[in-house]
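Visitor: Let me begin by handing over the structure; questions about it come next.
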Amino acid sequence: MDNERFEKRMKLLKKSYDHVPSTFDPNTVLQKLEAETKSPENPNGRRKKINQQVVVWIVGIASILIISLISGLYVADQKNIEEEPVTPEELDQFIEKLKKDYEAEREKRRALLKLEKRDFENFELYSPLSIINLDSYLSTVGQDGNPEGRLMEVYNRAVENIKTPSEMVVDLKSAPLTEDEQGSLEFIYTYKEKVDRLTAIYDEILQENNDVLQAYEVDPSLDKAYMIGMSKGGFPERLQNILDTMKEQSIHLQSDVNSYGEQFFAKYYSSKTHEQIIPLLHPDTMGYLDMMTEAPYIVAGELVYPLEESVDMLRGMQHTLTNVEDNSALNQLLETYFVSMFNTILRGTEKSPVFDEQGKVKREYKEAWKNMASGYGATPLRYVMKPIVEEMEASGWTASETWNRIGYDALKDALVVQRAGQLDMYMYGEQPVFQDEAIQLPDPEFDQNIGVLYDSFKKQYDLAVLKGRSPIDIVALYNLANEKNDPEMMYHLHHENVWKYSESGYETSLDQYKASWQKALSLLPLNDEMSFSGDSVFRNDPLLYGTVNLSHQGEVRYALSVIHENGVWYIGDVSLPPLTSSE
Amino acid sequence: MDESELIAKAQAGDQAAYGELMTKYYRTVEKFAFQCGVRLDDISDVTQEVFIKLYRFLPQFNQQRFTTWLYKITLNAARDYYRKEGRETEKRERFVTNQSNSSEPSAEDQVFLFEEDRELHEAMIRLDEKYRIPLILFYFQDISYQQIADILNMTMPAIKTRIFRAKELLKREISLQSGGAFNGQ
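Chains H and P, in that order, give the protein sequences. Per the working numbering, residue 24 is the first one in the first sequence, and the count goes up by one each step. Per the working numbering, residue 3 is the first one in the second sequence, and the count goes up by one each step.
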């Protein structure tokens with residue numbers, strides 16, 4: 024049995040387990056526990072009784088204090104609970120009202136979803152409100168300082184439980200979670216769970232009506248599932264009802280033709296409602312939301328989406344997996360998709376192998392791999408793909424030792440390292456620690472040191488001279504070179520990337536720089552402090568970026584970008600502020 | 003009231019809070035017990051036993067993940083149940099006998115939508131426990147590798163290996179059962 028079929032069967036079996044009948048009554052357990060507590064054989068019985076009396080007093084006193092603080096928070100329609108305790112009769116009436124209200128809420132959702140009672144029970148699954156049928160619960164709640172508030176909480180949870188996915192979206196619109204990562208995660212878990220419940224109900228109904236669906240005739244050139252979904256009437260009521268309402272919940276009918284024929288199933292899709300959710304949740308959690316509409320990514324060992332699109336999806340998954348702290352089953356599922364899709368792209372498939380007849384990596388794979396290795400910063404995809412791409416490029420895209428050697432879990436391992444905050448080190452080595460530095464200006468001794476450094480570096484522009492010097496020294500040296508009308512030194516003090524990747528798109532040569540050079544404002548005399556913060560250094564691939572600030576009377580007036588590579592600080596900014604005509 | 007509040011209240015002896023916890027989790031226990039091989043007739047007893055044990059141990063609960071604890075107790079309750087009643091060995095025979103001798107649909111039959119599901123369930127029950135339980139937790143309880151490792155007091159790599167091996171064994175078992183009809187797809 025192949026893996027895909029196995030997974031499918033396990034999924035179906037999981038649905039079957041939802042039909043395990045329930046005969047458990049929590050009330051029985053509470054009664055047993057109560058009997059145990061009261062049992063005369065209990066050697067601790069007497070002591071417990073005394074303790075209980077004390078507890079009752081303490082709880083009584085505490086309740087009075089707490090009620091006055093928290094009663095305002097409850098939504099319950101209460102009337103001066105703090106002052107007037109609820110009588111048992113009032114509580115009974117309140118419970119009856121809750122039951123009635125809940126039944127109305129249930130019916131509202133059932134009508135909305137057009138589900139039969141038995142089907143709706145599967146959507147409801149369990150109702151938190153069933154607790155109010157427990158005698159022990161009611162007797163304890165009755166002694167609570169705020170029984171109505173407590174019951175109202177349970178009621179609200181029960182209503183939340185039966186809200187449809189589309190209702191959840193309406194609620195979300197009124198209270199977006201864009202800034203709230205944890206809230207977004209909770210929304211997605213609940214939303215997905217409800218979608219899954221509905222999908223399971225729909226699948227069962229579709230399965231029971233399989234003969235009718237198979238017999239439905241449409242033009243062979245048309246998508247049968249789509250046509251059935253569009254049908255207005257003509258199917259048995261239970262089936263027609265779900266066909267009429269499922270799209271409202273962003274679920275539609277799909278079919279899959281395999282060796283068993285055309286199989287119909289319900290699938291969550293990227294509807295307009297779904298698209299409305301996207302801007303309302305924390306952006307880092309998007310990977311989960313995308314997974315709901317995109318999965319599965321691989322069918323029968325082949326990628327479902329084109330390579331380029333699959334790589335984009337991988338990047339989206341990676342963003343969520345590396346930015347969201349979450350140890351849920353959803354996270355596990357996303358990680359599984361992430362790893363399996365990556366390995367499929369890395370190893371190719373039966374229908375689309377990686378190598379062409381000449382033994383070269385095919386163009387589409389070459390692009391996909393380079394895409395995975397591109398970007399900046401330490402990411403799991405880059406960590407795994409960079410050496411492969413480099414080795415492949417060196418061999419004319421025919422071989423890579425890393426490609427031969429790495430196993431299925433390479434990306435997963437990189438993810439673990441990334442989550443542990445170690446991937447930077449694995450990719451670029453240990454980051455040097457830079458101390459904070461500051462120098463008060465003017466400082467003749469400092470000026471003298473920089474003068475010596477100028478003479479030394481001027482001889483051959485040997486970078487070894489600059490090795491180990493602080494970024495403050497380099498900025499001062501750059502400033503001195505400007506004062507001395509020495510564009511050549513200024514050119515050499517810049518990091519090479521400044522010239523390679525200039526805005527013009529052309530690499531700037533020394534001659535071009537010299538030809539266009541103009542003396543700039545000398546910054547040091549205008550300021551009283553030059554400082555550098557080691558903490559503010561950040562990495563962008565192998566380069567480290569920092570800033571040297573020039574301040575006057577505590578106010579930063581100039582901030583020069585500096586770049587660190589192989590023990591040497593360079594100037595990152597292209598130029599100093601120009602000298603005005605009057606200066 | 004969130005779960006941690008319910009747990010704290012239940013620990014302090016609030017039976018109502020414990021009632022809410024039971025209401026929230028009894029379906030998990032019922033399904034897990036059935037997946038582990040407890041017969042439908044016995045599930046109610048096992049579930050009851052789980053929640054009584056859970057309540058007794060509640061004062062010792064130290065804020066680790068509640069469900070981890072719940073699964074551990076359910077697993078032990080299922081084991082104890084069969085150990086006490088000597089049913090572990092009978093259980094498998096009963097499955098076979100039920101299916102071959104009775105023309106009446108059994109209670110188990112009502113659970114499974116398709117014959118294939120029943121066969122897969124039975125094949126899974128026949129697996130050695132060390133493979134069966136990680137597989138169930140992973141596929142049917144949607145639990146992360148790490149939490150499975152916590153429940154079974156094992157390392158995460160060991161869990162992954164067990165699940166991988168369990169899948170292989172189960173695939174082989176089904177193929178044998180169906181005369182190799184699913185092989186080679």
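Ideal Cβ placement from N, Cα and C applies to all residues, glycine included.
Just by C-beta distance, which residues in the segment 112–133 of chain P are closer than 9 Å to chain H?
Guide: The residues in question are Gln112, Val113, Phe114, Leu115, Phe116, Glu118, Asp119, Arg120, Leu122, His123 and Met126.
Visitor: What residues from chain H crowd round Leu178(P), counting only those whose CB sits closer than 9 Å?
Guide: Those within 9 Å of Leu178(P) in chain H number zero; the least Cβ separation is about 11 Å.
Visitor: Going by beta-carbon coordinates alone, are Tyr160(H) and Gly21(P) separated by less than 8 Å?
Guide: In contact: Tyr160(H) and Gly21(P) (Cβ atoms closer than 8 Å).
Visitor: Nearest-angstrom Cα distance between Tyr477(H) and Gly590(H)?
Guide: Each residue's alpha carbon lies about 18 Å from the other.
Visitor: Please name the residue in Ser556(H), Thr46(H) and Ala499(H) whose C-alpha comes closest to that of Asp470(H).
Guide: The residue with the shortest Cα to Cα distance from Asp470(H) is Ala499(H).
Visitor: Buried or exposed, going by whether 16 or more other CB atoms sit within 10 Å of the CB of Leu77(P)?
Guide: Answer is buried; the Cβ neighbour count reaches 16.
Visitor: In three-state terms, what does DSSP make of Val192(H)?
Guide: Correct three-state label for Val192(H): helix.
Visitor: How would you write the range of the alpha helix (DSSP H) that Val475(H) sits in, first residue to last?
Guide: Its alpha helix (DSSP H) spans residues Pro467 to Gln483.
Visitor: Does the beta-carbon of Met24(P) have 16 or more other beta-carbons within 10 angstroms, so that it is buried, or is it exposed?
Guide: Flag for Met24(P) reads buried.
Visitor: Got a sec: is the Cβ-Cβ distance from Lys55(P) to anything in chain H below 8 Å?
Guide: Taking Cβ atoms only, chain H never reaches closer than 8 Å to Lys55(P), which makes this a no.
Visitor: Suppose only complete runs of 4+ residues qualify. What are the alpha helix (DSSP H) ranges in the segment 117–158 of chain P, listed by chain order?
Guide: The segment 117–158 of chain P contains these whole alpha helix (DSSP H) runs: 117–128, 131–142 and 147–154.
Visitor: Go ahead and pull the three-state DSSP assignment for Phe63(P).
Guide: Coil at Phe63(P), not helix or strand.
Visitor: Where does Asn563(H) sit, in a helix, a strand or coil, going by DSSP?
Guide: Looking at Asn563(H) - three-state DSSP - the assignment turns out to be strand.
Visitor: If you compare alpha carbons, which of Tyr73(P), Asp130(P), Tyr141(P) and Glu32(P) is closest to Lys37(H)?
Guide: Measuring from the Cα of Lys37(H), the nearest candidate turns out to be Tyr141(P).
Visitor: Could one say the Cβ of Ala151(P) lies closer than 8 Å to chain H's Cβ atoms, at least one of them?
Guide: Judged by the 8 Å Cβ criterion, Ala151(P) is not in contact with chain H.
Visitor: Going by DSSP in three states, Gln463(H) sits in which element: helix, strand or coil?
Guide: Gln463(H): strand per DSSP, three-state reduction.
Visitor: Which bits of chain H does Leu42(P) rub up against, with CB to CB less than 8 Å?
Guide: Neighbours of Leu42(P) on chain H, chain order: Val43 and Pro44.
Visitor: Under DSSP, the alpha helix (DSSP H) around Val498(H) begins and ends at which residues?
Guide: Residues Pro494 to Glu506.
Visitor: Report back the beta-carbon spacing between Val585(H) and Pro494(H) to the nearest angstrom; my notes put them in contact at under 8 Å.
Guide: 4 Å between Cβ atoms; contact.
Visitor: Report, in whole angstroms, the separation of the C-beta atoms of Leu303(H) and Pro199(H), which I expect to be a contact under 8 Å.
Guide: With a Cβ gap of about 4 Å, Leu303(H) and Pro199(H) count as contacting.
Visitor: Could you name the residues of the same chain whose beta carbon sits closer than 8 Å to that of Ile301(H), not counting the 5 residues immediately before and after it, in chain order?
Guide: Answer for Ile301(H): Met309 and Leu312, listed in chain order.
Visitor: Quick check on Asn520(H): buried or exposed, where buried means 16 or more other Cβ atoms within 10 Å of its Cβ?
Guide: When all chains shown are included, Asn520(H) counts as exposed.
Visitor: Against Ile145(P), what residues of chain H qualify as contacts under a CB-to-CB distance less than 9 Å, listed in chain order?
Guide: Per Cβ cutoff of 9 Å: Ala352 and Gln355.
Visitor: For Asn572(H), which of helix, strand or coil comes out of DSSP?
Guide: Asn572(H) falls in the strand class under three-state DSSP.
Visitor: Does any residue of chain H bring its CB to less than 8 Å from the CB of Gly39(P)?
Guide: With 8 Å as the cut-off, Gly39(P) does not count as an interface residue toward chain H.
Visitor: Leaving aside the five residues before and after Leu486(H) along the sequence, list all residues of the same chain whose C-beta is less than 6 Å from its C-beta, in chain order.
Guide: If we look at Leu486(H) and ignore the five residues flanking it on each side, its Cβ neighbours are Val591.
Visitor: Quick check: what's the CA-CA separation for Leu434(H) versus Lys196(H)?
Guide: Going from the Cα of Leu434(H) to the Cα of Lys196(H) covers about 37 Å.
Visitor: Using a Cβ distance threshold of 8 Å, determine whether the segment 399–407 of chain H contacts the segment 444–463 of chain H, with at least three qualifying pairs required.
Guide: The segment 399–407 of chain H is in contact with the segment 444–463 of chain H.
Visitor: Is Leu114(H) closer than 8 Å to Pro170(H) when the C-beta atoms are compared?
Guide: Result yes, Cβ atoms of Pro170(H) and Leu114(H) sit closer than 8 Å.
Visitor: Along chain H, in chain order, which residues have C-beta atoms closer than 7 Å to that of Glu32(P)?
Guide: Val43, Ser45 and Phe47, listed in chain order.
Visitor: Assuming contact is defined by CB atoms lying nearer than 8 Å, are Glu8(H) and Phe555(H) in contact in what I supplied?
Guide: The displayed coordinates of chain H run from 24 to 606. Any statement about residue 8(H) would go beyond what the structure contains.
Visitor: Of all Cβ atoms in chain H, is any one closer than 8 Å to the Cβ of Tyr84(P)?
Guide: Cβ-Cβ to chain H under 8 Å: no for Tyr84(P).
Visitor: Are the CB atoms of Leu148(H) and Arg261(H) nearer to each other than 8 Å?
Guide: No; because the gap between Cβ atoms is not below 8 Å, this pair is not in contact.
Visitor: Indicate whether at least one CB of chain P lies closer than 8 Å to the CB of Ile154(H).
Guide: It does: the Cβ of Ile154(H) has a partner Cβ on chain P nearer than 8 Å.
Visitor: Is it buried or exposed for Asn634(H), if we count other Cβ within 10 angstroms and need 16 for buried?
Guide: Examination of residue 634(H) is not possible in this model, given that chain H is present from 24 through 606 alone.
Visitor: Residues of chain P with a CB under 8 Å from the CB of Val52(H): which are they?
Guide: Correct list: Met24, Gln50, Phe53, Ile54 and Tyr57.
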